[in-house]
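Protein chains in written order, with our numbering: chain A, 38 to 438; chain B, 38 to 438. Following: one structure in structure tokens, then a few remarks.
Protein chains: 2
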Amino acid sequence: MLGHLLRHADTKIVLLILDGLGGIRNDEFPETALEAAKTPHLDELAANGLCGRSLPISLGITPGSGPAHFALFGYDPLAPENDIGRGALEVTGVGFELLESDVAIRGNFATMDGDGVLTDRRAGRIPHEEGVRISGKLDDAIHEIDGIEVIVMPVREYRFGVVLRGKGLSPEVEETDPQLTGVKPLPPVPRVPEAQRTARIIEEFISRANEVLADEQKANTVLMRGISSKPLIQPFSERFGLKAAAIASYPLYRGVAGLCGMKLVETGFSVKEEFDTLRSIYNEGFDFFFIHIKKTDSYGEDGNIEGKIKVIEEVDANLPMITELRPDVLMVTGDHSTPCALKSHSWHPVPFLIHSTSCGKDDSTAFNERECDRGGLGVFDATSIMELALANAGKLKKHGA
Amino acid sequence: MLGHLLRHADTKIVLLILDGLGGIRNDEFPETALEAAKTPHLDELAANGLCGRSLPISLGITPGSGPAHFALFGYDPLAPENDIGRGALEVTGVGFELLESDVAIRGNFATMDGDGVLTDRRAGRIPHEEGVRISGKLDDAIHEIDGIEVIVMPVREYRFGVVLRGKGLSPEVEETDPQLTGVKPLPPVPRVPEAQRTARIIEEFISRANEVLADEQKANTVLMRGISSKPLIQPFSERFGLKAAAIASYPLYRGVAGLCGMKLVETGFSVKEEFDTLRSIYNEGFDFFFIHIKKTDSYGEDGNIEGKIKVIEEVDANLPMITELRPDVLMVTGDHSTPCALKSHSWHPVPFLIHSTSCGKDDSTAFNERECDRGGLGVFDATSIMELALANAGKLKKHGA
């Protein structure tokens with residue numbers, strides 16, 4: 038779409054995402070976390086740049102993390118081809134490179150009783166090391182079913198991934214997770230005739246997994262979810278002419294970034310570790326950096342405003358690690374709002390700031406909801422963010438004579 | 038599109054465009070030209086009307102003048118059918134009425150050496166009178182090629198227009214301008230088989246033009262650009278039910294207005310002359326007037342803020358010439374921003390004001406970027422301007438019961 042307007046410029050763009058950043062004020066919360074937090078560095082950027090409110094999908098529509106990130110990355114979050122199955126997301130997120138003919142499944146380790154009735158859908162939230170051990174056990178025991186290669190990999194804690202590799206597979210199979218305990222798992226039902234063989238393979242996988250896991254105390258069965266194939270997403274390099282790196286520690290965000298063709302860089306979990314990673318790769322040939330901070334969302338979901346404030350202040354305190362690199366364009370926003378007042382994702386437009394030599398200034402003097410409401414960008418679609426970034430980086434030609 | 042909502046009202050709309058009006062603030066330019074200019078008349082309109090920021094295409098996309106004006110006039114600036122060839126624009130701009138079967142070409146007079154190598158793509162920027170003389174010489178010498186009528190007309194200075202008129206022509210021919218000197222012009226290459234004959238005619242035109250111009254010192258050859266045909270644009274009268282007049286002195290803007298079906302009125306170049314033209318035709322049966330002031334853009338491109346301020350103040354000083362006519366709707370904006378800080382067109386939303394008896398007031402007290410940022414219209418698509426105008430002029434019915 039932008040193809041004919043793209044031009045090369047030797048400039049770098051940093052997109053810093055504080056997950057679930059936006060908040061709302063009400064009687065219980067007279068200030069949002071971002072308003073209450075002490076953020077001198079972000080405020081300085083806001084005072085010297087442009088602010089506004091980014092709308093992930095549209096007023097009233099609350100996005101999940103996947104669609105919200107697709108919107109940030111300039112892809113239509115409502116387009117069917119961008120409705121990515123969780124299986125494909127999770128295995129991409131742990132660095133697995135899917136083929137177009139693969140079927141990817143997100144698995145839960147779970148607990149069942151002697152009658153095959155589910156007693157815990159997350160196997161008592163076994164620790165990550167247990168998940169690694171048990172998925173290794175499955176991967177060692179099951180290599181192939183009906184001529185189809187089977188690959189099992191750990192994701193996080195009780196979550197693992199399965200990839201079926203071979204010809205003639207279809208992702209059109211229903212999940213086996215009944216979403217409640219006290220009942221047996223559902224059978225993997227094919228939605229279309231072409232998926233009958235895939236459904237049988239998944240059934241056989243579950244049956245063999247039950248045998249392999251029979252001696253486990255907690256993780257003695259599996260639930261198969263998000264059965265999906267690799268989406269056809271135009272890579273970032275082609276869509277925007279950018280060589281992009283993703284610095285994110287959680288699999289889902291790594292998954293979305295990976296599906297968009299970003300290089301997934303290894304990083305630690307803390308703000309400082311992520312910013313350190315940025316510094317270490319800043320001159321390694323990339324011209325776009327996506328940095329994802331997760332904890333703002335987690336605290337928002339918990340309604341823990343002190344926790345959310347603390348993460349924001351931690352980001353602000355470490356921000357000079359980014360600004361010292363003098364990126365040509367620095368944008369700070371969230372993928373969606375997660376107001377402590379609501380303890381959940383919400384539809385509210387997200388505080389947004391952009392800082393570059395060509396963006397100009399508006400009258401906003403700090404980075405928070407109140408100031409962004411009077412920013413020069415108004416309320417705008419998150420899908421414009423990449424165009425804005427490219428324009429400010431001098432990477433877009435004028436449209437028309 | 039609006040057709041079923043249109044209704045007649047005996048009211049008049051004035052759309053005053055200051056080309057490239059918008060600016061940005063930065064350390065070097067702590068105020069934009071519009072903020073710095075003394076504009077008591079515009080400020081009074083803003084205080085008694087509504088302000089906002091008009092977005093020519095979308096955040097991040099910098100428009101050329103053609104697409105920017107199509108957006109102002111309510112046509113989708115990205116629609117392929119509105120991507121007008123420069124040839125069609127320029128000949129329409131000098132008042133030529135194209136037929137749908139015509140092919141229009143924008144020509145440059147240029148200088149070549151004895152070996153046919155280009156030494157100046159603009160023939161030393163010969164003055165307008167020279168361009169008129171030389172295009173007259175060509176028009177006198179070349180009437181017809183291979184059964185196709187050839188019409189040559191002056192445009193401005195070194196630019197001229199050629200229209201090929203006859204059956205079986207195609208605009209799908211590559212330009213001959215190599216965009217640099219020290220090389221020979223390119224041949225007119227057909228992009229599709231149906232354009233082979235047109236390409237041969239253009240080749241023959243160039244060859245005969247070279248003979249006719251052999252005795253010229255500077256303009257001894259021609260470059261053929263923007264080879265195009267008349268676009269199929271729904272006329273303003275049909276689209277909006279308006280009888281529209283265009284008061285613009287530059288060919289490109291006259292061209293866009295002409296292609297939208299506006300009457301191109303003869304006018305002088307100065308602000309006062311243009312406003313005088315408005316007064317002289319105000320009661321001649323028109324109900325929409327487009328007035329185009331060019332110099333704000335030119336000074337923006339030069340980074341000359343004093344010049345830009347002066348033009349804005351000149352417009353303001355003469356504004357009573359318009360307001361005394363008491364138009365039912367008066368709108369003032371630009372087609373795009375041309376910040377002195379950037380010396381080029383930019384993507385930034387453009388200050389906008391509307392004044393009518395039914396528009397109401399917001400809290401803006403002056404007409405400039407800062408006040409428009411807090412205006413009641415927010416940041417909105419320029420393609421809404423015509424609907425806004427019609428509504429405020431009482432020319433739109435309610436949609437639905």
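C-beta atoms are modelled at their ideal positions from N, C-alpha and C, and glycine is treated no differently. No experiment lies behind these values; they were computed from the predicted model shown.
For residue i, which option in the options has the closest C-alpha, if you only look at C-alpha atoms?
i, options, result
"residue 373 of chain A", "A:73, A:88, A:71 and A:100", "A:100"
"residue 294 of chain B", "B:198, B:333 and B:106", "B:106"
"residue 124 of chain B", "B:393, B:81 and B:261", "B:261"
"residue 83 of chain A", "A:233, A:211 and A:367", "A:367"
"residue 361 of chain A", "A:194, A:313 and A:141", "A:313"
"residue 264 of chain A", "A:184, A:256 and A:240", "A:240"
"residue 60 of chain B", "B:418, B:420, B:428 and B:405", "B:405"
"residue 254 of chain A", "A:417, A:140, A:150 and A:58", "A:150"
"residue 201 of chain B", "B:183, B:214, B:153 and B:174", "B:183"
"residue 192 of chain B", "B:307, B:142 and B:235", "B:142"
Any idea if residue i is buried or exposed, counting beta-carbon neighbours within 10 angstroms, 16 or more meaning buried?
i, result
"residue 138 of chain A", "exposed"
"residue 395 of chain B", "exposed"
"residue 283 of chain B", "buried"
"residue 320 of chain B", "exposed"
"residue 49 of chain A", "buried"
"residue 363 of chain B", "exposed"
"residue 436 of chain A", "buried"
"residue 438 of chain B", "exposed"
"residue 186 of chain A", "exposed"
"residue 337 of chain A", "buried"
Does residue i get closer than 8 angstroms to chain B when you measure Cβ to Cβ?
i, result
"residue 194 of chain A", "no"
"residue 411 of chain A", "yes"
"residue 160 of chain A", "no"
"residue 108 of chain A", "no"
"residue 313 of chain A", "no"
"residue 273 of chain A", "no"
"residue 419 of chain A", "no"
"residue 279 of chain A", "no"
"residue 436 of chain A", "yes"
Taking the C-alpha atoms as reference points, what is the distance between residue i and residue j?
i, j, result
"residue 127 of chain A", "residue 266 of chain B", "52 angstroms"
"residue 78 of chain A", "residue 63 of chain A", "27 angstroms"
"residue 90 of chain A", "residue 407 of chain A", "10 angstroms"
"residue 244 of chain B", "residue 121 of chain B", "27 angstroms"
"residue 391 of chain B", "residue 42 of chain B", "21 angstroms"
"residue 102 of chain A", "residue 93 of chain A", "10 angstroms"
"residue 323 of chain B", "residue 97 of chain B", "36 angstroms"
"residue 268 of chain A", "residue 218 of chain B", "48 angstroms"
"residue 426 of chain A", "residue 68 of chain A", "30 angstroms"
"residue 291 of chain A", "residue 346 of chain A", "25 angstroms"
"residue 171 of chain B", "residue 311 of chain B", "29 angstroms"
"residue 281 of chain B", "residue 111 of chain B", "13 angstroms"
"residue 116 of chain A", "residue 420 of chain A", "12 angstroms"
"residue 144 of chain B", "residue 273 of chain A", "39 angstroms"
"residue 75 of chain B", "residue 70 of chain A", "42 angstroms"
"residue 382 of chain A", "residue 300 of chain A", "27 angstroms"
"residue 194 of chain A", "residue 370 of chain B", "58 angstroms"
"residue 248 of chain B", "residue 330 of chain B", "40 angstroms"
"residue 354 of chain B", "residue 308 of chain B", "10 angstroms"
Taking only beta-carbon positions, decide if residue i is within less than 8 angstroms of chain A.
i, result
"residue 341 of chain B", "no"
"residue 103 of chain B", "yes"
"residue 269 of chain B", "no"
"residue 382 of chain B", "yes"
"residue 415 of chain B", "yes"
"residue 120 of chain B", "yes"
"residue 117 of chain B", "no"
"residue 90 of chain B", "yes"
"residue 96 of chain B", "yes"
"residue 379 of chain B", "yes"
"residue 333 of chain B", "no"
So if DSSP puts residue i in a beta bridge, which residue, or which two residues, is it bridged to?
i, result
"residue 201 of chain B", "B:140 and B:187"
"residue 13 of chain A", "Coverage of chain A is limited to positions 38 through 438, which leaves residue 13 of chain A absent and any answer about it impossible."
"residue 261 of chain B", "B:144"
"residue 327 of chain A", "A:52 and A:283"
"residue 157 of chain A", "A:148"
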